[in-house]
Amino acid sequence: MIGYERLRIYFISRRQTHLPNRPFTPGTTYSHILRLYECDMLLRDACFSAVGRFEILFRNAISEVLSDAFGSHPYFNVAVYKDDAARLEAIQSFASVYAKTKDERAKHYRNTYTDPALPPIWTMKEFLTFGAAVRIFQYFEGTLRTKVANQFGVPSDQTFNQWLSCLVDLRNFCAHHDRLFNRSFQKQPARLQRHNVPTAQANKLKALLQCLDHLLDQRGASAHITAKVATIISRFPEMRPAEAGY
152 MIGYERLRIY FISRRQTHLP NRPFTPGTTY SHILRLYECD MLLRDACFSA VGRFEILFRN
212 AISEVLSDAF GSHPYFNVAV YKDDAARLEA IQSFASVYAK TKDERAKHYR NTYTDPALPP
272 IWTMKEFLTF GAAVRIFQYF EGTLRTKVAN QFGVPSDQTF NQWLSCLVDL RNFCAHHDRL
332 FNRSFQKQPA RLQRHNVPTA QANKLKALLQ CLDHLLDQRG ASAHITAKVA TIISRFPEMR
392 PAEAGY
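When we follow the numbering used here, the leftmost residue of the sequence shown carries the number 152, and every step to the right adds one.
The following block contains the structure:
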């Protein structure tokens, strides 16, 4: 059963707050509110799946760039990081992730090897959460970050990093069953002028999805998530497309 507090934001969205006593928009029913909630659930499921596809490609790209330049165990190489503080933070993050994971591949490595202490980067990347991967990526020196960004058709590592932060937030909203409906996102993606992405209002869902589509397209893993979300919204006339930036 859905509690009132979970539905409250949907009720509020259909009240005329500029009028005395904040009456509901004419025609609003309880069924109408439940339909908004159902639409939001479908939006979360679709977006979570698409971000998950990108997450795997992103972790793979980190592994490829690091192993090509520094071999199987790049963790302690000073050339990987932008400074000594970043190097320390990254090593601690890798070690923490490895120590906490219950993945069978990690157990096998621990039971089989004592040196090197950490598994190869192509194994380690499988244990990283999206948030951890993004955080560690931010510790890398600029050339490495740019090489990863270039794999996704983004020439600037600064723009790519900004997009990553936006996608981590989107992923977390979906994972925690938070609202995408009528949300104004605090973190907003910079425009990639060369490809004119995004074109939608920067603080709305469509803009993030346009960026995500660009990233996936560049790696040959198109998800067409912008169009998929438009299709979901079209099935729910109770939702105003502009509430997602459409």
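Positions of the beta carbon are idealized from the N, C-alpha and C atoms, including for glycine.
For clarity, every value in this text was computed on a predicted model and none was experimentally measured.
DSSP places R386 outside both helix and strand once states are collapsed to three, so it counts as coil. Residue range 155-164 is occupied by the alpha helix (DSSP H) that includes Y155. Taking the Cα of E206 as reference, the smallest distance to any Cα among R322, A353, A246, K233 is reached at R322. Under the DSSP assignment, V216 falls in the alpha helix (DSSP H) whose first and last residues are 181-221.
For F281, the three-state secondary structure derived from DSSP is helix. In this structure, F332 is the residue among E292, Q302, Q369, F332 with its C-alpha nearest to the C-alpha of I160. Distance from the CA atom of F162 to the CA atom of T176, rounded to whole angstroms, is 10 Å. Classified as exposed, S182 has fewer than 16 neighbouring CB atoms from the shown chains inside 10 Å of its CB.
For L331, no alpha helix (DSSP H) encloses it, and the DSSP letter there is neither H nor E. In this structure, the beta-carbon distance from N211 to F221 does not fall below 9 Å. The three-state secondary structure of V348, taken from DSSP, is strand.
Judged by DSSP in its simplified three-state form, F245 adopts helix. For A353, same chain residues with a beta-carbon under 6 Å away, outside a window of 5 residues either side, are Q339 in chain order. For P174 and Q167, the gap between their C-alpha atoms comes out near 6 Å. If you look at G304, you'll find it isn't in any alpha helix (DSSP H); DSSP assigns it neither H nor E. Of R238, V319, C190, N347, the smallest CA-CA separation from F291 is found for R238.
Under the three-pair Cβ rule at 8 Å, the segment 275-289 counts as touching the segment 313-330. The DSSP-derived three-state label of F311 is helix. Counting along the chain, the unbroken alpha helix (DSSP H) around A257 starts and ends at 255-263. Look at L343 here: in three-state DSSP terms it is strand. D254 and L366 have their alpha carbons spaced roughly 28 Å apart. Look at F227 here: in three-state DSSP terms it is coil, with no helix or strand label.
Between C325 and C198, the C-beta gap is smaller than 9 Å, which places the two residues in contact. In this structure, L185 keeps its C-beta atom at 9 Å or more from the C-beta atom of I272.
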